[in-house]
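Okay, so the sequence shown: first residue is 1 according to full-length UniProt numbering, each after it adds one.
Cβ coordinates follow ideal geometry from the N, Cα and C atoms, glycine included.
This structure is a prediction, so every number in the text was calculated from the model and none was measured.
The structure appears right after this line, and notes come after that.
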Amino acid sequence: MTYFTSYQAAKHDPEGFWAEESKTIEWFKNPDSILSKDSNGFYRWFDGGELNTSYLALDCQVKLGLGDNAAIIYDSPVTNTKLTITYNELLERVSKFASVLAAQNVQKGDRVLIYMPMIPEALIAMLATARLGAIHSVVFGGFAAHELAIRIDDAEPKVIVTASCGIEIDKVIPYKPIVDKAIASSDPQVKPNACIVYQRSQLFAKLDQEIDINWMDEEQLAPLHPPVPVKATDPLYILYTSGTTGKPKGVVRDNGGHAIAMKYSMKTVYGASQGDVFWAASDVGWVVGHSYILYGPLMSGCTTLLYEGKPIKTPDAGAFWRVCAEHKVNILFTAPTAFRAIRKEDPKASLLKEYDLSNLKRLYLAGERLDPSTYLWLKEATHKPVIDHWWQTETGWPIAGIPVGLEQLEEKLGSAGLPILGFQVEILNQDGHQCEAGKMGTIAIKLPLPPGCLPTIWKNNDRFKAGYLNSFDGYYVTGDGGYVDDNGYLFVMGRTDDVINVAGHRLSTGEMEDVISGHTAVAECAVMGIHCDIKGQVPYALVVLKNGIEYLNIYDKEIKSLIREQIGAIASLKEVAVAKRLPKTRSGKVLRKLMKQMIDGEDIQIPSTIDDVSVISELKSIFSQRLPI
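Put into structure tokens, the structure is as follows:
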């Protein structure tokens, strides 16, 4: 069947389509129904079915005879370490660490918060949690104690798993003090029972808290733990993503739909086969790390590549090409920002010529819009298919792309591809009516969402409805705007809210404004995501000082320091400018979009609702002096 025939079949009979795909995994108990609704009126897939995600990723692969195959290749240029772990070895370590967690009374449905660098133990902790039927919540290792505390309060983990440190290009970052500070500042009613620490040789952490436990001491003595059956509709993990309110949203992923989506997407979207070396150059703290560093590749019998390094400076802009050549990578998936950094350092791709990329079949880009210049540079440099595709933390797998597992369709410059089977993508106008081809509107997905997408927000059904379902009856609203061309290709043009995208990481400008407003000299502020050739966007802060306070250079450093401490270094606040006032509508709404357009040098249209048009002249003067990025 061609893509278009298959897409229509899935559209008109989603239950039949996904019933067939559900046969690709091993169930402990087959589902009673394929599609149903729960007590909240939310769609659920495979109700009544029982399975275990860790079992599917490990035990099933060993049963298929892949036990001696490489499950993980760990490559860490920042520690000069390379390691291969087979499926047999990984199954043993996961089964033992599941017992370590069980000894701390972690049971089915409990939460385990994981704050780890890019090391095999991060994946082991995730799989061990899933083996117990518990729910993991992975927090990116670069997040500050304040952000970690917010997630502790929301997830209420019984155990925290961390490492003694993370390694950057030129420094070692102690993790244990961050975790200790986060626990100390979290709600006393939800503090964890244990903090399990994996000691790295680069830095040993002091285990001086009553709840502290040494990972390796416990793992060595632990017995093997069997997989615990869970319901298909039980949560597998909670992954926090920034919201426009500044409070992180806990995206829930269930076990059954997730397993089917991972198997299907690896086959259809990425064209991956058993034994392929699959490299998602991301981090386990993001959704890409969950779906395509860990679960998707292992459930498909692939080898996953775990890379602790950067696209550049570890040691140079040839790092990605070295990894691909040395480990015979077949499929590479990363964010456009990685290749923009590589291109900046090595514009003629001279370093690529040193490496044999004959095993590399395709490159995939996602996380932000793939700009045409980066696409063309990458195509010319590699002579490989370069495929843009689009998805969200909320969906867990691609909404649109080129389904190479079905049909070899052409790529279109600037397009995220075609809707993937199961996603009924429509472009809606303000009245909720479908837009004609080529016309911009809100990108929405007709319900039900396919398996693997979020069933709700953790502990907050109302926020799920308000944020995604209430805008247009019968639709999930993605929060992005775009259009579809005459051939059905989707063009995603950007967010419709104030969440900005820094190197593929979604960050809330509202949250940054809350932090900056906490400075004693600041009366009010606005944060905009402005264009950056490398990271896509970076935050730019405009502050208004309190009356009687003169601007001092120290304020700039203090404000940036506040962002690093409370949001994390990933926020990358490059510039703080001072204005006498912010542009607002008469109703008091700050005109952030207008300021962003001015900074980026775009044509602007001053809204008729602006309360004082003279502010525009001042802003033009300020923005003309901004620093180069």
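Practice problem: Round the Cβ separation of residue 132 and residue 103 to the nearest angstrom and send it over; I've been treating them as touching at under 8 Å. | Solution: Contact doesn't hold; Cβ gap of about 11 Å is too wide.
Quiz prompt | Meets three-Cβ-pair contact criterion under 8 Å: the segment 43-59 and the segment 223-233 | solution = Between the segment 43-59 and the segment 223-233 there are three or more C-beta pairs closer than 8 Å, enough to call the two in contact.
Self-check item: C-beta contact flag for residue 327 and residue 277 at 8 Å
Solution: Cβ atoms of residue 327 and residue 277: closer than 8 Å.
Quiz item: residue 632 to residue 349, Cα distance in whole Å?
Solution: Since the first residue of the chain shown is 1 and the last is 629, residue 632 is not available in this structure.
Quiz item: Around the C-beta of residue 171, are 16 or more other C-beta atoms found within 10 angstroms, so that it is buried, or is it exposed?
Solution: Result: exposed.
Practice problem: Could you name the residues that DSSP lists as bridge partners for residue 159? | Solution: According to DSSP, residue 159 bridges with 112 and 194.
Quiz item: So, using beta-carbon positions, are residue 267 and residue 405 closer together than 8 Å?
Solution: Taking 8 Å as the Cβ cut-off, residue 267 and residue 405 qualify as a contacting pair.
Quiz item: Which whole-angstrom value is the C-beta distance of residue 305 and residue 75, which I expect to be below 8 Å?
Solution: Contact between residue 305 and residue 75 holds: their C-beta atoms lie close to 7 Å from each other, under 8 Å.
Quiz item: With 16 other CB atoms within 10 Å as the buried threshold, where does residue 337 fall?
Solution: Residue 337 is buried by the Cβ-count criterion.
Practice problem: Please report the residue range of the alpha helix (DSSP H) in which residue 218 lies. | Solution: Run containing residue 218: 215-221, per the alpha helix (DSSP H) assignment.
Quiz item: What are the start and end residues of the beta strand (DSSP E) that includes residue 362?
Solution: Boundaries of the beta strand (DSSP E) around residue 362: 362-365.
Practice problem: Just the C-alpha distance for residue 153 and residue 107, rounded to the nearest angstrom, thanks. | Solution: For residue 153 and residue 107, the gap between their C-alpha atoms comes out near 19 Å.
Quiz item: Roughly how many angstroms separate the alpha carbons of residue 148 and residue 545, rounded to a whole number?
Solution: Distance from the CA of residue 148 to the CA of residue 545, rounded to the nearest whole angstrom, comes to 30 Å.
Self-check item: Nearest candidate by alpha-carbon position, reference residue 26, set 58, 513 and 370
Solution: For residue 26, the closest alpha carbon among the candidates 58, 513 and 370 is that of 58.
Self-check item: Simplified DSSP assignment, three categories, for residue 327
Solution: Looking at residue 327 - three-state DSSP - the assignment turns out to be coil, as it is neither helix nor strand.
Quiz item: First and last residue of the alpha helix (DSSP H) that includes residue 592?
Solution: In the DSSP assignment, residue 592 falls within the unbroken alpha helix (DSSP H) covering 592-599.
Self-check item: Residue range of the alpha helix (DSSP H) that includes residue 378
Solution: Residue 378 -> alpha helix (DSSP H) spans 372-382.
Quiz item: What is the DSSP secondary structure of residue 54, counted as helix, strand or coil?
Solution: DSSP places residue 54 in helix when its eight states are reduced to three.
Quiz item: Measuring CB to CB, does residue 444 end up less than 8 Å from residue 464?
Solution: Inclusion of residue 444 and residue 464 in the CB contact set at 8 Å is not warranted, their separation being larger than that value.
Quiz prompt | Ranges of the beta strand (DSSP E) found wholly within the segment 423-487, counting only runs of at least 3 | solution = Secondary structure within the segment 423-487: the beta strand (DSSP E) runs of 3 or more consecutive residues, fully enclosed, are 424-428, 441-446 and 475-484 (chain order).
Exercise. Within 10 angstroms of the Cβ of residue 290, are there 16 or more other Cβ atoms? Answer buried if so, exposed if not.
Key: When all chains shown are included, residue 290 counts as buried.
Quiz prompt | Contact under 8 Å by Cβ, residue 155 with residue 67 | solution = For residue 155 and residue 67, no; Cβs fall outside 8 Å.
Quiz item: Would you say residue 114 and residue 130 are within 8 Å of each other, going by their C-beta atoms?
Solution: No. Outside cutoff.
Exercise. Between the Cα of residue 229 and those of 53, 192 and 88, spot the shortest distance and give me the residue it belongs to.
Key: Per the Cα distances, 53.
Quiz prompt | Whole-angstrom distance between residue 286 and residue 383, CA atom to CA atom | solution = Here the C-alpha atom of residue 383 lies approximately 29 Å from the C-alpha atom of residue 286.
Quiz prompt | Paired residues, beta bridge with residue 333 - DSSP | solution = Answer is 280 and 364, bridged to residue 333.
Exercise. Give the C-beta separation of residue 574 and residue 538 to the nearest angstrom, bearing in mind that I take them to be a contact with Cβ-Cβ under 8 Å.
Key: Sure, about 5 Å apart at Cβ, within 8 Å.
Quiz prompt | Own chain residues within Cβ distance below 7 Å of residue 30, not counting five before or after | solution = Closer than 7 Å at Cβ, skipping near neighbours: 49.
Self-check item: Collapsed DSSP secondary structure at residue 634 in the structure displayed
Solution: Outside the shown range of the chain, which is 1 to 629, sits residue 634, and nothing can be said about it.
Quiz item: Which stretch, first to last residue, makes up the beta strand (DSSP E) that contains residue 135?
Solution: Unbroken beta strand (DSSP E) run through residue 135: 135-138.
Quiz item: Do you know whose CA, among 373, 381, 239 and 396, lies nearest residue 111's CA?
Solution: Among 373, 381, 239 and 396, the Cα nearest to that of residue 111 is on 239.
Practice problem: Run the CB neighbour count on residue 619, radius 10 Å, all protein chains shown included, and call it buried at 16 or more, exposed below. | Solution: That one is buried.
Quiz item: residue 119 and residue 426: beta carbons closer than 8 Å?
Solution: Cβ atoms of residue 119 and residue 426: not closer than 8 Å.
Exercise. Have a look at residue 271 and residue 364 and give me their C-alpha separation to the nearest angstrom.
Key: A direct Cα-to-Cα measurement between residue 271 and residue 364 gives close to 11 Å.
Practice problem: Classify residue 297 as helix, strand or coil using the three-state DSSP reduction. | Solution: If DSSP states are grouped into helix, strand and coil, residue 297 belongs with the helices.
Exercise. Would you kindly report the start and end of the unbroken alpha helix (DSSP H) that includes residue 12?
Key: Segment 3-12, the alpha helix (DSSP H) holding residue 12.
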